[in-house]
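Numbered per my numbering, the sequence shown spans residues 679 to 964.
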Amino acid sequence: MKIIDCLNQGKVTLSFEVFPNKYSKNFEAVANKAKEIARLHPEFMSVTYGAGGGTSQYTVNIAKEIQEKEGVDVLAHLTCVSSTKEKVHEMLESFEANGIKNIMALRGDLPETEVPHDYEHASELIKEIKEYNPEFCIGGACYPEGHPEAKNKDEDIYYLKKKVEAGCDFLTTQMFFDNSIFYNFLYRAREAGIEVPIVAGIMPITRKEQVKRAIQLSGSSVPSRFFSMVDTFGDNEKAMKQAGIIYASEQIIDLIANGVKHIHVYTMNNPDVAEGIMNNVSEILK
Ligand code: FAD
């Protein structure tokens, strides 16, 4: 099924992200975790793509396993900033050959050294995909606190609108830990005339070590109650995991209670965390 059709059904959706770890040679282990997560019956699952394309075959293989063996629709990520047109076309052919209908089209983080590439921004990739096969359903990334490279939030929204006009069917947000930031972003996006569904991205932080990296990667601001949680439970593995699942679940409940329909959880390939969240909100999703 196309993700856009799933988002337009009028019901609340909960979806999960998994990532093929570029350091892990053990494809089977990641694929098994992804399949365990798929058995929780999320609305769909996304599979990330290494910015340099090094794990591209893993993305396709894991997406195919989830879709064919577990019957869950998939959204395969694709980045372009370190890619040539030839590589992009090769990937699109591979998606088609493996029954993948949904693509999260991304720029990717800028590489540290110059590499051959034919794209500067995600919007160029989106145009390319639409020209290649208009039947692909395309998602794009958005940043409630502004992309770290953007001069300001207005400029970021301006380019986000251009990206949607290039052919984005829906958007998924970067993680955020304070829902008011998302509500504010949603208001600004709608005011700018961005009308596509916007899926809220939630990252459960269940280990103290994740905090620094998550904040660095996303540039997200963090409310003091989040820091209190990490300060209090961070050194107790089980308590931190439970607290992180509850924090993310509370964010999700608040979003749904305020009319947000679509939530995407960054599971970090952790079936326990995905299951904890699913259990906490399963009645709310009905
Ligand atoms: P763009 O949309 O190109 O935007 C990047 C910056 O350029 C922004 O500041 C924007 O305002 C600006 N901009 C956009 N268009 C123009 C223009 N025409 N002229 C001038 N400026 C412009 N990374 C991975 O490597 N693999 C993944 O699988 C992955 N999945 C992700 C999923 C989600 C939901 C999110 C939020 C991010 C993901 N990322 C992933 C990270 C992403 O690749 C980086 O955040 C990257 O730096 C930006 O990608 P983008 O697609 O948002 O870029």
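The beta carbon of each residue, even a glycine, is placed where N, CA and C say it ideally should be.
Task: Alpha-carbon to alpha-carbon, I962 and Q920 - done: The residue given as residue 920 occupies position 242 in the sequence shown. The residue given as residue 962 occupies position 284 in the sequence shown. Rounded to the nearest angstrom, the two C-alpha atoms are 19 angstroms apart.
Task: Residues bridged to N780 [DSSP beta-bridge criterion] - done: One-based indexing of the sequence shown puts residue 780 at position 102. In DSSP, N780 forms a bridge with L753, C815.
Task: V877: first and last residue of the uninterrupted beta strand (DSSP E) it sits in - done: Residue mapping note: residue 877 aligns to position 199 of the sequence shown, counting from 1. It spans 876 to 880 - the beta strand (DSSP E) in which V877 sits, taken as one unbroken run.
- [ ] Report the three-state DSSP secondary structure of M723 (helix, strand or coil).
- [x] Numbered from its first residue, the sequence shown carries residue 723 at position 45. Three-state result, M723: strand.
TODO: Flag this pair as yes or no: are the beta carbons of S724 and E695 separated by less than 7 angstroms?
DONE: Here residue 724 refers to the residue found at position 46 when the sequence shown is read from its first residue. Here residue 695 refers to the residue found at position 17 when the sequence shown is read from its first residue. Their beta carbons are under 7 angstroms apart, which means S724 touches E695 by this criterion.
- [ ] For Y944, name the three-state secondary structure that DSSP assigns.
- [x] Translated into positions along the sequence shown, residue 944 becomes position 266. Here Y944 sits in strand by DSSP.
TODO: Per DSSP, which residues does L692 bridge with? Please list them.
DONE: The sequence position of residue 692 within the sequence shown is 14, counting from 1. Answer is I941, bridged to L692.
TODO: Would you kindly work out how many angstroms separate the C-alpha atoms of A775 and K808, rounded to a whole number?
DONE: For the purposes of this step, residue 775 is taken as residue 97 along the sequence shown, with counting starting at 1. For the purposes of this step, residue 808 is taken as residue 130 along the sequence shown, with counting starting at 1. In a straight line, the C-alpha of A775 is about 17 angstroms away from that of K808.
Open item on the list: Which residue wins for smallest C-alpha separation from T884, given the options S906, H719, M918?
Closed with: For the purposes of this step, residue 884 is taken as residue 206 along the sequence shown, with counting starting at 1. Selected option, being the one with the closest Cα: M918.
Task: Strand pairing of F848, partner residues [DSSP] - done: Within the sequence shown, residue 848 is the residue found at index 170, counting from 1. Partner(s): G817.
Task: Cβ contact check for the region 751 to 760 and the region 779 to 786: 3 or more pairs under 8 angstroms - done: yes
Task: Closer than 6 angstroms: E827 CB and nearest the ligand FAD heavy atom - done: Locating residue 827 in the sequence shown gives position 149, where the first residue counts as 1. Checking the Cβ of E827 against the ligand FAD gives yes.
Task: Neighbourhood of K886 by C-beta, 8 angstroms cutoff - its chain only, sequence neighbours within 5 removed - done: Within the sequence shown, numbered from 1, the residue matching residue 886 stands at position 208. Within the same chain, K886 has close Cβ partners V908, G912, D913, M918.
TODO: Give me the Cα-Cα distance between D751 and D683, rounded to the nearest whole angstrom.
DONE: Here the question's residue 751 lines up with position 73 in the sequence shown. Here the question's residue 683 lines up with position 5 in the sequence shown. Their backbone Cα atoms lie some 11 angstroms apart in a straight line.
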